[in-house]
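Chains as they are written, first to last, in my numbering: chain F, 129 to 485; chain A, 750 to 1117. Here is the structure we will look at, set down as structure tokens.
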């Protein structure tokens, strides 16, 4: 129980001092209430993630299993087995939400998302290379490769998209991501077609999900997650200034290049760890910040903490629904988020934000 | 000829205005198209005659003659040439032409070099439908092709509907905005379909998954006369349609409003062009899988070579891309990879992605 509560509590505590620095901000009270509501939603989804599955359990049983664990009780064992995936969902979801929000802010691009801009493909190619060349077979081994691949792809896509006259426009970013993904997948397929063993291991990683991971996967990624989250959460004000345009931000005394670099570092740490933890999961980082903007408005000092809380709620909810939708099998969380996310993406595009911003 | 070439700006936007009285230039363009056609013939011959199993030209005609007249067959050689190498080259040629035409139609109509069916997700529709057919319904052969065809048409309809409706009424920029939206909607739908395909890959045994993977990459390995026949019939219908539509297409390039002023029914013409282009891409995908980036590459490369946006040149370039990539995939790659025959799409994808990135970097267009 303890990791769950600390994640939620630290998230809830963080916006408080920030909001205190801006006493004039309108709607502070309602926003704090909304944030509280978001925390409650997250707590409910977390509880559901412990209780729901092929073997559904009553809330009392879950509570007992957490407070007075009885090793002989089968139900308690089920609850305990669901703790790692729940924690992982919270961590990966939070990382994706934060990274998505910050990415959209830094790139001033509403369509930025690790799936769209090719980070997942970079991680995938690195993992395939790891399996094929170094014979990796465990998730623990995949982590580092996923991490390096994700970081390299992120840097490459952003560089390519910002070259040329107009900088990183939404269409260019999305297309650079799509192009890079296609190229990387082709390279990856060279390996996959020639090695059936590699394909067999890779196909299960590729769908992206939070099931079947244990603490040995979670713990190595934690330091990166914390550093990344710290860096990104500290950038609320910076992102607000960047949203006004580089020139104005510079006029406000900001060192645009430096702050953008620091934020990008945080994003890469978050995306890389999330992909290492859960495999390629798309659309969470895209949808959540947009949903949050409806609630919280354009202030990144609110968008970031809201994303941190609501993104894991979405990922866990996707996971919970995926567990029961196709019994006796499971649909991985990554598939569920893509199925929910694509219509939202299309809706964003249709609303015209995609082409204009 | 050279001086005329250097004057032509290397510009992504399609050449819209054509001044008359450019006869020498026109002759040069025809000459370059003829060069492309000759290259296609040479490459076709190379892929039938050369490679891991070589045949001499007299032998080839003897085999072909024997096949057509039911004469005496050469053991081994007849089978390899008639059932393997020749159908492979024929299907490669047909899909190259179909993808090339389809991409050029989209790119010209939307005035955006990025708007080809493989970039905007139509190929993913075919993939998702075909993989569903293979994995869920255990389909093989023609049923897979049918599913791919239906999937491509379905996704194309969806994307077209999404990009068409909504706020389209913004004056002269209409076509461009709709184009941007179409591309982005396609990218989003492709990402979701990719998730579906990944998921289906985990729900089947590894043998089927490996087969599916090869299909997903686009491969000529299972090319045969049946597929060549079906594809040939489809092209017999669709290529004349392209020829009919090339007139309205040229006028649409001038902009929707101008075209309407010149008496083109813009909506109907657009719809006809879209469905012809999608039909071409879908037929080719049904025959060989979604060979990555052929549709996207053929138009721009042809335009750079012929110095003019030309549908025949795009078709020829598509054939060149497929045949040369398949030659590498079937004859060069096995030497490097312990005998694995790569799907042709792996080669085109690996080459196409850098080209797309380069196009993005050098692009001057606001919306691309």
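Glycine included, each C-beta is placed from N, C-alpha and C at the ideal position. Note that the coordinates shown come from a computational prediction; the quantities given were computed from them, not determined experimentally.
In chain order, what residues of the same chain have a beta carbon less than 6 Å from the beta carbon of residue 849 of chain A, not counting five sequence neighbours either side? Position 100 of the second chain, counted from the first residue, corresponds to residue 849 of chain A. 1047, 1063, 1064, 1066, 1067, listed in sequence order.
Quick check on this structure: which residue in F:413, F:352, F:434, F:188 has the alpha carbon closest to the alpha carbon of residue 470 of chain F? The sequence position of residue 470 of chain F within the first chain is 342, counting from 1. Nearest C-alpha to residue 470 of chain F: F:413.
Any beta carbon from chain F within less than 8 Å of residue 883 of chain A's own beta carbon? Taking the second chain and counting its residues from 1, one reaches residue 883 of chain A at position 134. By this cut-off, residue 883 of chain A is not an interface position.
Expressed to the nearest angstrom, what Euclidean distance is found between the alpha-carbon atoms of residue 1108 of chain A and residue 822 of chain A? Locating residue 1108 of chain A in the second chain gives position 359, where the first residue counts as 1. Locating residue 822 of chain A in the second chain gives position 73, where the first residue counts as 1. Distance between the alpha carbons of residue 1108 of chain A and residue 822 of chain A: 50 Å.
Please confirm whether residue 951 of chain A has its beta-carbon closer than 8 Å to some beta-carbon of chain F. Here residue 951 of chain A refers to the residue found at position 202 when the second chain is read from its first residue. Yes, its Cβ sits closer than 8 Å to a Cβ of chain F.
Cβ-based burial, residue 801 of chain A [other Cβ within 10 Å; buried from 16]: Along the second chain, one-based indexing puts residue 801 of chain A at 52. Exposed.
What is the DSSP secondary structure of residue 873 of chain A, counted as helix, strand or coil? In the second chain, residue 873 of chain A corresponds to position 124, counting from 1. Note: residue 873 of chain A maps to helix in three-state DSSP.
Looking at C-alpha atoms only, which residue of F:238, F:461, F:266, F:417 is the closest neighbour of residue 492 of chain F? For residue 492 of chain F there is no data in the structure shown, the boundaries of chain F being 129 and 485.
Determine contact between the region 1038-1047 of chain A and the region 994-1001 of chain A, defined as no fewer than three beta-carbon pairs at a distance below 8 Å. no
Contact criterion: CB-CB distance below 8 Å. Does residue 153 of chain F meet it with respect to chain A? By one-based count along the first chain, residue 153 of chain F stands at place 25. For residue 153 of chain F, the pLDDT reaches just 48, beneath the cut-off of 50, and the residue's location in the model is therefore unreliable, leaving the point undetermined.
Figure out for me which residue from A:813, A:808, A:838, A:986 has the closest Cα to the Cα of residue 790 of chain A. What you label residue 790 of chain A is simply residue 41 of the second chain in a count that begins at 1. If we check each option's Cα against that of residue 790 of chain A, A:838 comes out closest.
Is residue 407 of chain F near residue 305 of chain F, with beta carbons less than 8 Å apart? Position 279 of the first chain holds residue 407 of chain F. Position 177 of the first chain holds residue 305 of chain F. For residue 407 of chain F and residue 305 of chain F, no; Cβs fall outside 8 Å.
Under 9 Å between beta-carbons, which chain A residues line up against residue 327 of chain F? List them in chain order, please. By one-based count along the first chain, residue 327 of chain F stands at place 199. Within 9 Å Cβ-Cβ: 950, 955, 958, 959, 962.
Given residue 1034 of chain A as reference, the closest of A:879, A:931, A:940, A:938 once Cα atoms are compared: Taking the first residue of the second chain as 1, we reach residue 1034 of chain A at position 285. Selected option, being the one with the closest Cα: A:879.
Close Cβ partners of residue 360 of chain F (< 6 Å) along its chain, the five nearest in sequence each way excluded: Position 232 of the first chain, counted from the start, is the residue given in the question as residue 360 of chain F. Hits under 6 Å: 226, 230, 394.
Close Cβ partners of residue 233 of chain F (< 7 Å) along its chain, the five nearest in sequence each way excluded: For the purposes of this step, residue 233 of chain F is identified with residue 105 of the first chain, where counting begins at 1. Cβ within range, chain order: 367, 370, 371, 428.
Among A:894, A:1037, A:932, A:956, which one has its Cα closest to the Cα of residue 843 of chain A? The count along the second chain starts at 1 and reaches residue 843 of chain A at position 94. Answer by Cα proximity: A:1037.
Output yes if chain F places a C-beta closer than 8 Å to the C-beta of residue 1103 of chain A; else output no. Residue numbering aside, residue 1103 of chain A sits at position 354 when the second chain is read from its first letter. Taking Cβ atoms only, chain F reaches closer than 8 Å to residue 1103 of chain A, which makes this a yes.
Can you give me the Cβ contacts of residue 1022 of chain A inside the same chain, cut-off strictly under 8 Å, excluding the 5 residues immediately before and after it? Along the second chain, one-based indexing puts residue 1022 of chain A at 273. So the list reads 854, 858, 994, 997, 998, 1001, once near-sequence residues are dropped.
Say whether chain F places a C-beta atom closer than 8 Å to the C-beta of residue 938 of chain A. Counting from one through the second chain, the residue named residue 938 of chain A turns up at place 189. Chain F contact via Cβ: present.
Beta-carbon neighbours of residue 251 of chain F, restricted to chain A and to distances below 7 Å: Your numbering for residue 251 of chain F matches position 123 in the first chain. Listed along chain A, no residue sits closer than 7 Å to residue 251 of chain F by beta-carbon distance, the nearest being about 14 Å off.
Please list, in chain order, the chain A residues whose beta carbon lies closer than 7 Å to that of residue 334 of chain F. Taking the first residue of the first chain as 1, we reach residue 334 of chain F at position 206. Result: 947.
For a cutoff of 8 Å on Cβ pairs, would you count residue 1089 of chain A as touching chain F? Looking up residue 1089 of chain A in the second chain gives position 340. At least one chain F Cβ lies under 8 Å of residue 1089 of chain A.
Are the C-beta of residue 1092 of chain A and some C-beta of chain F separated by less than 8 Å? In the second chain, counting from the first residue as 1, residue 1092 of chain A sits at position 343. By this cut-off, residue 1092 of chain A is an interface position.
Could you compute how far the alpha carbon of residue 386 of chain F sits from the alpha carbon of residue 392 of chain F? Here residue 386 of chain F refers to the residue found at position 258 of the first chain. Here residue 392 of chain F refers to the residue found at position 264 of the first chain. Their backbone Cα atoms lie some 10 Å apart in a straight line.
Can you tell which of A:938, A:933, A:935, A:962 has the C-alpha that lies nearest to the C-alpha of residue 947 of chain A? On the second chain, residue 947 of chain A is found 198 positions in, with the first residue counted as 1. Out of A:938, A:933, A:935, A:962, A:962 has the C-alpha closest to the C-alpha of residue 947 of chain A.
For a test of the three-state rule: what should DSSP assign to residue 1024 of chain A, helix, strand or coil? What you label residue 1024 of chain A is simply residue 275 of the second chain in a count that begins at 1. The answer is helix: DSSP assigns residue 1024 of chain A an H, G or I state.
Residue 317 of chain F CB to nearest chain A CB: under 8 Å? Here residue 317 of chain F refers to the residue found at position 189 of the first chain. Chain A contact via Cβ: present.
Quick check: is the beta carbon of residue 416 of chain F nearer than 8 Å to any beta carbon in chain A? Sequence index remark: in the first chain, residue 416 of chain F carries index 288 (1-based). Chain A contact via Cβ: absent.
Closest by CA to residue 472 of chain F, which one among A:833, A:818, A:937, A:862? Sequence index remark: in the first chain, residue 472 of chain F carries index 344 (1-based). Nearest C-alpha to residue 472 of chain F: A:937.
As assigned by DSSP and simplified to three states, the class of residue 461 of chain F: For this step, residue 461 of chain F is matched to residue 333 along the first chain. DSSP places residue 461 of chain F in helix when its eight states are reduced to three.
When you compare the CB positions of residue 251 of chain F and residue 313 of chain F, do they come within less than 8 Å of one another, or not? By 1-based counting over the first chain, the position of residue 251 of chain F is 123. By 1-based counting over the first chain, the position of residue 313 of chain F is 185. No. Outside cutoff.
Less than 8 Å between the beta carbons of residue 282 of chain F and residue 247 of chain F, yes or no? Taking the first residue of the first chain as 1, we reach residue 282 of chain F at position 154. Taking the first residue of the first chain as 1, we reach residue 247 of chain F at position 119. Yes, the pair counts as a contact, with Cβ atoms nearer than the cut-off.
Short CB-CB distance (under 8 Å) between residue 1040 of chain A and chain F: The residue labelled residue 1040 of chain A in the question sits at position 291 within the second chain. So, not an interface residue.
Could you check the C-alpha separation between residue 330 of chain F and residue 188 of chain F for me, to the nearest Å? Stepping through the first chain from its first residue, residue 330 of chain F is reached at position 202. Stepping through the first chain from its first residue, residue 188 of chain F is reached at position 60. If I take the Cα positions, the gap works out to 39 Å.
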